[in-house]
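**Q** Below is the structure I would like to discuss, written out as structure tokens.
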Amino acid sequence: MVSNEFSGMISTIRDQTSWNRKGFQFKVQRNGYCSIIPFACLIVFSILVIVLIVQQRSTTFKVNGGDAKINALAGGAAQTETSGVVDSGNVSSQQLLDELFAPGHDKGSCLSRYEAILFRKPSSHKPSPYLLSKLRNYESLHNLCGPYTEAYNKTLEQLKTGRKVSTTDCNYVVYTPLSGLGNRMLTIASAFLYALLTNRVLLVEFGSEIAGLFCEPFQQTTWLLPRDFPLRNQFDNFSQEYPHTYGNMLKSRIIITAVTSPPPPFLYIYLAYNIDRYDGLFYCDQNQDQLGKVPWLVIKSNQYFVPSLFLVPSFKQELSKLFPDEETVFHHLGRYLFQPSNEAWGLITRFYRAYLSKADETIGIQVRVFDTKATPFQTVMDQILSCTLKEKLLPEVLDVVQNSAASLSNNQGLKAVLVTSLYSEYYEHIKGMYWTKPTVSGEVIGVYQPSHEEHEIYGNNMHSMKAWTEIYLLSMSNVLITSSWSTFGYVAQSLGGLKPWMLYRPLNGTTADPPCVQAMSMEPCFHFPPSYGCKADVYIGPGAIVPHVKHCEDVKWGLKLVKDH
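Numbering (our numbering), first residue to last: 995 to 1559.
Dropping the structure here:
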């Protein structure tokens, strides 16, 4: 569409001039002057006018780490241009997302991979060149060994028969689901890092409740475990008590670490919240040597066990090259693995455009109440307000409405508050407070909540889709307040590269004092790390601490990665 200024300028030129085709001349009539100008000059002049108008009416933003630019034309949608495209009309994703993605992805199958940059600021945390190289190598391995390839079929035959068929370069780690969406995402990222460290291929069993939430992360293949996988019918029996887990086989001496024997075709690795001393031997070097010979490892966990991988001596050098900034592990791996599917992306972008896009700042508040009887609504509400007002995350309100005129002259900024909770009461209270009373600062506060399901629903795909939508929207916030212990909040903060203000869990129905603390890093907390050392009879407490592994703010025995200054 031609701008009003441009239309008016063309009209003026047309009205004020006439031209003679024989002499290629035109004469200025309207203003009383007469001059003869070569017709070529008119063409040059018109081109210059167009260029100047377009330049004047466009704002260009450099995208972090590349040549891509976002040009926001007046009156139009943001447009993207780049010097290198993967196919016709598609923007190079590695320029838009710090090269986390290889070129060549199909845009239509995963719009979020290309459009996310239009809705969130580029990450200030650059992935290391070594991590990028490792991801490209992994993608090649996954294409070689992925489901239904020749190499996959060979190892599958070995799994079915229990005997070695032929040598392949393909070993696997299989993720099996446990707990809610946040836990699953944290465990999948942990399993993927383990796959990178041990040169394995990750295959995931999502279950119906989270099918269709994410794009396929790898091109021309899948990370989904095939439905005809021969061990699938055993997954329901796979628990801490299952006699064939690696820990229980060590305990019963079916497997002896020090004894060299032919490796089994597969092993179950149990790493959930209730691991015992034998399960925890997974994190020991001598056990990793043994596990490295097993083609198929099937992992069940609901934990972010990455911090304990950083404590395995044989992994330390590789991890230091992959993540020189230790607190960016999930930030990079999460953004690489978990791109919203087109259905999820539609929910995210429609909500964002309708409610958040015009705000000067978005404050995300994630409320997770684990026991509503022991933690009354008013206790949690008082704690949220105490935190947001004390830390000046939100403005105070005036008690007397008549004083609102004084506030109008100070600041007319717009802040959006995004509330995510299973319950609507927190949203209603905050919305009512900022609707019925003006703020001291003069800012306008809009409060929004995408959904309130009242209770967590396992096995429901739409419930999981809404949860994923809310996690992603929270990750787009400028400031984030989260609940202690919540994996939902952990995922949001890490995807967004945010150090949230964490609400302490109220004790005995009373508001915690202080109400909140800012996280020392954006990394999630490993709630239940192994408590025993690599000699199973020696208790060492909640893990040996090194400069880049600290105890969590919200779980005193938990572990999290921090930046090693």
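From the three backbone atoms N, C-alpha and C, an ideal C-beta is built for every residue, glycine too.
All figures in this text were calculated on a predicted structure; none of them were measured in a lab.
At the level of alpha carbons, what is the spacing between Y1428 and V1391?
**A** Against the sequence shown, residue 1428 aligns to sequence position 434. Against the sequence shown, residue 1391 aligns to sequence position 397. Y1428 and V1391: Cα-Cα distance of roughly 7 Å.
**Q** Using only alpha-carbon positions, find the residue among M1179, C1528 and S1515 that is nearest to C1546.
**A** Counting from 1 along the sequence shown, the entry for residue 1546 is found at position 552. Comparing Cα positions, the closest option is S1515.
**Q** Quick one: any contact between the region 1139-1148 and the region 1283-1294, if contact means 3 or more CB pairs under 8 Å?
**A** Segments in contact, no.
**Q** Indicate whether I1451 and H1457 have their beta-carbon atoms separated by less than 7 Å.
**A** As a first step, residue 1451 must be located in the sequence shown, where it is residue number 457. As a first step, residue 1457 must be located in the sequence shown, where it is residue number 463. Cβ distance < 7 Å, so I1451 and H1457 count as in contact.
**Q** Can you look up P1211 in the DSSP assignment and give me helix, strand or coil?
**A** Against the sequence shown, residue 1211 aligns to sequence position 217. Coil, per DSSP.
**Q** Tell me the rounded alpha-carbon separation between D1558 and Q1152.
**A** As a position in the sequence shown, residue 1558 is number 564, starting the count at 1. As a position in the sequence shown, residue 1152 is number 158, starting the count at 1. Roughly 44 Å between the two C-alpha positions.
**Q** When the Cα of W1495 is compared with those of N1455, F1522, I1357 and V1540, which residue comes out closest?
**A** One-based indexing of the sequence shown puts residue 1495 at position 501. Looking at the Cα atoms, I1357 is the closest of the given residues.
**Q** Note the first and the last residue of the continuous alpha helix (DSSP H) segment covering G1483.
**A** In the sequence shown, counting from the first residue as 1, residue 1483 sits at position 489. G1483 -> alpha helix (DSSP H) spans T1481 to G1490.
**Q** Count the other C-beta atoms from every protein chain shown that fall within 10 angstroms of the C-beta of R1499, then say buried if there are 16 or more, exposed otherwise.
**A** Here residue 1499 corresponds to residue number 505 of the sequence shown, with the count starting at 1. By the 10 Å Cβ count, R1499 comes out buried.
**Q** Specify the secondary structure class of W1551 as computed by DSSP and reduced to three states.
**A** In the sequence shown, residue 1551 corresponds to position 557, counting from 1. If DSSP states are grouped into helix, strand and coil, W1551 belongs with coil.
**Q** Could you tell me whether the Cβ atoms of E1320 and L1555 are closer together than 7 Å?
**A** By 1-based counting over the sequence shown, the position of residue 1320 is 326. By 1-based counting over the sequence shown, the position of residue 1555 is 561. Yes.
**Q** Please determine if the region 1351-1365 and the region 1513-1528 are in contact, where contact requires at least 3 C-beta pairs separated by less than 8 Å.
**A** Judged by Cβ distances under 8 Å, the region 1351-1365 makes no contact with the region 1513-1528, as fewer than three pairs qualify.
**Q** Would you say G1274 and S1488 are within 7 Å of each other, going by their C-beta atoms?
**A** By one-based count along the sequence shown, residue 1274 stands at place 280. By one-based count along the sequence shown, residue 1488 stands at place 494. Result no, Cβ atoms of G1274 and S1488 do not sit closer than 7 Å.
**Q** For D1230, collect the residues of the same chain with a Cβ closer than 6 Å to its Cβ; drop the 5 residues on either side in sequence, then sort them by chain order.
**A** Locating residue 1230 in the sequence shown gives position 236, where the first residue counts as 1. Once the five neighbours on either side are set aside, D1230 has no close Cβ partner at all.
**Q** Report the residue from K1154, P1301 and G1483 whose alpha carbon sits nearest the alpha carbon of T1463.
**A** To locate residue 1463, count along the sequence shown from 1; it is residue 469. Here the closest residue by C-alpha is G1483.
**Q** Taking DSSP as the reference, what is the three-state secondary structure of P1307?
**A** Indexing the sequence shown from 1 puts residue 1307 at position 313. Three-state result, P1307: helix.
**Q** For H1099, which beta-bridge partners are listed by DSSP?
**A** Translated into positions along the sequence shown, residue 1099 becomes position 105. Answer by DSSP bridge pairing: none, since H1099 is not bridged.
**Q** Going by CA-CA distance only, name the one from L1387, N1177, Y1417 and G1340 that's closest to S1435.
**A** As a first step, residue 1435 must be located in the sequence shown, where it is residue number 441. Ranking the options by Cα distance to S1435, first place goes to L1387.
**Q** Out of A1348, R1178, V1549 and S1184, which has the shortest C-alpha to C-alpha gap to I1204?
**A** Counting from one through the sequence shown, the residue named residue 1204 turns up at place 210. It is R1178.
**Q** Round the Cβ separation of A1353 and A1410 to the nearest angstrom and send it over; I've been treating them as touching at under 8 Å.
**A** Reading the sequence shown from its first residue, position 359 is the one you call residue 1353. Reading the sequence shown from its first residue, position 416 is the one you call residue 1410. Contact holds; Cβ gap of about 4 Å.
**Q** For K1451, name the three-state secondary structure that DSSP assigns.
**A** Stepping through the sequence shown from its first residue, residue 1451 is reached at position 457. Checking the displayed sequence, the identity of residue 1451 turns out to be Ile instead of Lys. DSSP places I1451 in coil when its eight states are reduced to three.
**Q** Do you know how far the Cα of K1315 is from the Cα of Y1124?
**A** The residue labelled residue 1124 in the question sits at position 130 within the sequence shown. The residue labelled residue 1315 in the question sits at position 321 within the sequence shown. Rounded to whole angstroms, Y1124 to K1315 spans 6 Å at the Cα level.
**Q** Kindly indicate which residue of N1165, S1308 and G1176 has the alpha-carbon position closest to the one of P1258.
**A** Taking the sequence shown and counting its residues from 1, one reaches residue 1258 at position 264. P1258 has its Cα closest to that of N1165, out of N1165, S1308 and G1176.
**Q** Hey, how far is the Cα of V996 from the Cα of T1476?
**A** Within the sequence shown, the letter at position 2 stands for residue 996. Within the sequence shown, the letter at position 482 stands for residue 1476. The predicted model places V996 with a pLDDT of 37, which falls under 50 and marks its position as unreliable; any figure quoted below should be read in that light. Their Cα atoms are separated by approximately 47 Å.
**Q** V1300 and T1170 look like a contact to me (Cβ under 8 Å); what is the Cβ gap, rounded to whole Å?
**A** On the sequence shown, position 306 is the one that residue 1300 refers to. On the sequence shown, position 176 is the one that residue 1170 refers to. Incorrect: roughly 18 Å between the Cβ atoms, too far for contact.
**Q** Could you pull the DSSP bridge partners for H1545 from this structure?
**A** Walking along the sequence shown from the start, residue 1545 turns up at place 551. In the DSSP output, where bridge partners are listed per residue, H1545 has L1553.
**Q** Quick check: the Cα distance between V1195 and F1260, rounded to an integer number of angstroms?
**A** Taking the sequence shown and counting its residues from 1, one reaches residue 1195 at position 201. Taking the sequence shown and counting its residues from 1, one reaches residue 1260 at position 266. Near 14 Å, if we compare the C-alpha coordinates of F1260 and V1195.
**Q** Here's the rule I'm using: 16 or more other beta-carbon atoms within 10 Å means buried, otherwise exposed. How should K1460 be labelled?
**A** Here residue 1460 refers to the residue found at position 466 of the sequence shown. Buried, since its Cβ has 16 or more Cβ neighbours within 10 Å.
**Q** Within a Cβ cutoff of 8 Å, which residues of the same chain sit near S1202, ignoring the five residues on either side of it in sequence?
**A** Translated into the one-based positions of the sequence shown, residue 1202 becomes position 208. Only G1453 and N1455 meet the Cβ criterion.
**Q** Using CA coordinates, which residue listed in K1425, V1198, V1540 and S1117 is at the minimum distance from K1294?
**A** For the purposes of this step, residue 1294 is taken as residue 300 along the sequence shown, with counting starting at 1. Closest option to K1294, Cα to Cα, is V1198.
**Q** Tell me which same chain residues have a C-beta within less than 7 Å of the C-beta of N1130, skipping the five on either side of it?
**A** Your numbering for residue 1130 matches position 136 in the sequence shown. What sits at residue 1130 in the sequence shown is Arg, not Asn. Once the five neighbours on either side are set aside, the close Cβ partners of R1130 are A1096.
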